[in-house]
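In the numbering used here, the protein residues as written are 7 to 247.
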């Protein structure tokens, strides 16, 4: 692959030749994979099965999960029956245009998760803007973030949602957070009978301070979940580990 992609003039060999050599060799088993950059992930995912045994993959982390990677990640999940930990950090707040946000959100469905019968942990991440004028758009991105939960197997026992916020000075940070569809999260989580841990991480990209005390915000957000889910809930302020 290196010869073909990085120096095609010196080594006049088609990609198919490299793939043929890889298929005939012993492919190493990969148990953990982290994809940080979108451009590299887009190039790597389609050819990855030709070079490594992805059926042994147990942990996958995608740091910039965008619409361009959905089909590739879904195809990968269909070939990873041993997957136990999956992290999908959705791309940043993309646009304040509602029509654009809705159109982008229609692409985020991962039926391949049903092919991961041993999945135990699902970590999701979303960015929202703490502005009253953008609450409707925040809802779209929030629902997009929670979409993978609808396809996750019942074996799931740990769920975490990281909410990265951005705001201008003077914004009432709590209300836009409270306006998110927490009832949707509560409803989806109620389907997982083996669930033991629910974590919500709230971080901020701006330098302003929270208007409400963290304990008060934590308490008011927890009230939006059912008693069963609330008993497993942990809300932390800061980046997810």
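Backbone N, C-alpha and C fix where the C-beta goes; we use that ideal spot for every residue, glycine too.
**Request:** Answer with buried or exposed for residue 234, where buried requires no fewer than 16 other C-beta atoms within 10 angstroms of its C-beta.
**Result:** exposed
Cα-Cα separation, residue 244 to residue 129: 15 Å
Reducing DSSP to helix, strand and coil, say where residue 56 ends up. helix
Opposing strand residues paired with residue 164 [DSSP bridges]
127 and 203
Could you check whether residue 90 and residue 127 sit closer than 8 Å to each other, using their CB atoms as the reference points? yes
Beta-carbon separation of residue 157 and residue 120 under 8 Å?
yes
* To do: Output yes or no for whether 8 Å exceeds the beta carbon distance between residue 242 and residue 205.
  => yes
Which of the three DSSP states is assigned to residue 19 in this structure?
Residue placement at residue 19 is flagged as unreliable, the pLDDT there being 44, under the threshold of 50; the coordinate-derived value follows with that caveat. Reduced to three states, the DSSP call for residue 19 is coil.
query = Between 51, 188, 118 and 231, which lies nearest to residue 149 when the distance is taken from Cα to Cα?
reply = 188
**Asked** Secondary structure at residue 67, three-state DSSP: helix, strand or coil?
**Response** strand
Residue 230 to residue 192 span [Cα, whole Å]: 8 Å
Quiz prompt | For residue 61 and residue 86, believed in contact at Cβ under 8 Å, the rounded distance | solution = 6 Å
For residue 125 versus residue 161, is the C-beta distance shorter than 8 Å?
yes
- Query: Cα-Cα, which of 131, 190 and 182 is closest to residue 170?
  - Reply: 131
Option in 155, 145, 159 and 208 with minimal Cα separation from residue 123:
159
Original post:
What is the rounded straight-line gap between the Cα of residue 96 and the Cα of residue 147?
Top reply: 9 Å
Residue 167, buried or exposed, once every other Cβ within 10 Å from all chains shown has been counted against 16: buried
- Message: Looking at the secondary structure, which residues open and close the beta strand (DSSP E) in which residue 96 lies?
- Response: 91-96
Rounded to the nearest angstrom, what separates residue 46 and residue 33 at their Cα positions? 21 Å
**Item:** Unbroken alpha helix (DSSP H) run spanning residue 198, endpoints
**Value:** Element bounds for residue 198: n/a, residue is neither H nor E.
When the distance is taken between beta carbons, is residue 68 closer than 8 Å to residue 116? no
Continuous alpha helix (DSSP H) stretch holding residue 62: start and end
Run containing residue 62: none; DSSP gives neither H nor E here.
Quick one: is residue 182 buried, meaning 16 or more other Cβ sit within 10 Å of its Cβ, or exposed? buried
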